[in-house]
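To keep things clear, I will list the structure first and then write my remarks on it.
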Amino acid sequence: MDHRVVTQTLDLERRFIEPVVKAVLHTILFHRYFGNVSPRDTCILSSIQYTSVDNTDVQSEVDERVDELMQSLAQTGDSKSQISLYFTETKPRRAWFSKSEEEICWEEWIIHINCKVSKSQPEVGQLQASAEDQAKRAIFRVIQEMDKHKDHIPLIASKQSNPFPYHISVAPTSGLWSSMIKRAIPARAPK
3 MDHRVVTQTL DLERRFIEPV VKAVLHTILF HRYFGNVSPR DTCILSSIQY TSVDNTDVQS
63 EVDERVDELM QSLAQTGDSK SQISLYFTET KPRRAWFSKS EEEICWEEWI IHINCKVSKS
123 QPEVGQLQAS AEDQAKRAIF RVIQEMDKHK DHIPLIASKQ SNPFPYHISV APTSGLWSSM
183 IKRAIPARAP K
């Protein structure tokens, strides 16, 4: 079976990262969550609507991972990070004297984030327009990819509400060691 990988890059001002990344992740999940799905429409920025799965577990998972993404980005300067969403299929795995299950990835979405911090108010208007344009293009690309590529999706062999587990992970791409150390060492109050 093919493992399909789709990558996107978003260059966004810090305040627009959270809504745009949530919109992209929810759009992907809405199209790949193979269960009984209730749609939920959401509007971000000033005019962009997307549909998500109306499920509290899905909503909270996306919220937690996007919060983790935001924490991985530098507060004051430009920085980079990455968030990945991948779908797996659970298959039985047989060994000599035991049986277990293994998860095999069949689709992965990697979103590279280039975070910019604006210095002036006029710049924010331009960055918002850019964020809206990037959000529209990213959501449209998700829909195009979903329509074009379906051959790699495994057959549904489970009676679970969502037969294909998904996982979301965050990996900072710049200053990996320094960001890990900063998170590990508690900030001290200045004397």
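The working numbering puts the first residue of the sequence shown at 3, with every later residue one more than the last.
Beta carbons are placed, not taken as given, at the ideal position from N, Cα and C, and that holds for glycine.
Just so you know, these numbers come straight off a predicted model, no measurement behind them.
Range of the contiguous alpha helix (DSSP H) that encloses residue i
i	result
Ser74	Thr58 to Ser74
Gln146	Gln123 to Lys150
His5	Neither: His5 is in no alpha helix (DSSP H) and is coded neither H nor E.
Val22	Arg16 to Arg34
Residue i vs residue j beta-carbon contact at 9 Å
i	j	result
Arg67	Ile145	no
Ile141	Ile50	yes
Val39	Asp56	yes
Val119	Ala76	yes
Gln136	Asp13	yes
Val172	Leu71	yes
His28	Thr44	yes
Asp80	Asn116	yes
Glu109	Tyr88	yes
Glu1	Pro156	The displayed coordinates of the chain run from 3 to 193. Any statement about residue 1 would go beyond what the structure contains.
Ser48	Glu134	yes
Nearest candidate by alpha-carbon position, reference residue i, set the options
i	options	result
Arg17	Glu105, Pro41, Phe89 and Glu125	Glu125
Pro165	Met148, Lys150, Lys138 and Thr92	Thr92
Glu147	Ile30, Gln61 and His5	Ile30
Glu15	Gln130, Arg143, Tyr168 and Thr90	Gln130
Val64	Gln10, Ala25 and His114	Ala25
Ser74	Lys150, Glu134 and His114	His114
Pro21	Lys152, Gly127, Gln10 and Ile46	Ile46
Phe36	Thr90, Tyr52, Gln10 and Lys138	Thr90
Thr11	Arg143, Arg95 and Lys121	Arg143
Tyr52	Arg139, Lys150, Lys152 and His151	Arg139
Anticipated Cβ contact below 8 Å, residue i with residue j, distance rounded
i	j	result
Ser86	Trp111	7 Å
Arg42	His154	So it is not a contact: roughly 27 Å between Cβ atoms.
Neighbour flag for residue i against chain C, beta carbons, 9 Å
i	result
Tyr88	Judged by its chain identifiers, the structure shown contains no chain C, having just a single protein chain.
Residue i, enclosing beta strand (DSSP E) - first and last residue
i	result
Phe166	Looking at the DSSP string, Phe166 is not in any beta strand (DSSP E), and its letter there is neither H nor E.
Trp108	Lys101 to Lys118
Val55	Ile50 to Val55
Leu87	Ser81 to Arg96
Ile46	Pro41 to Ile46
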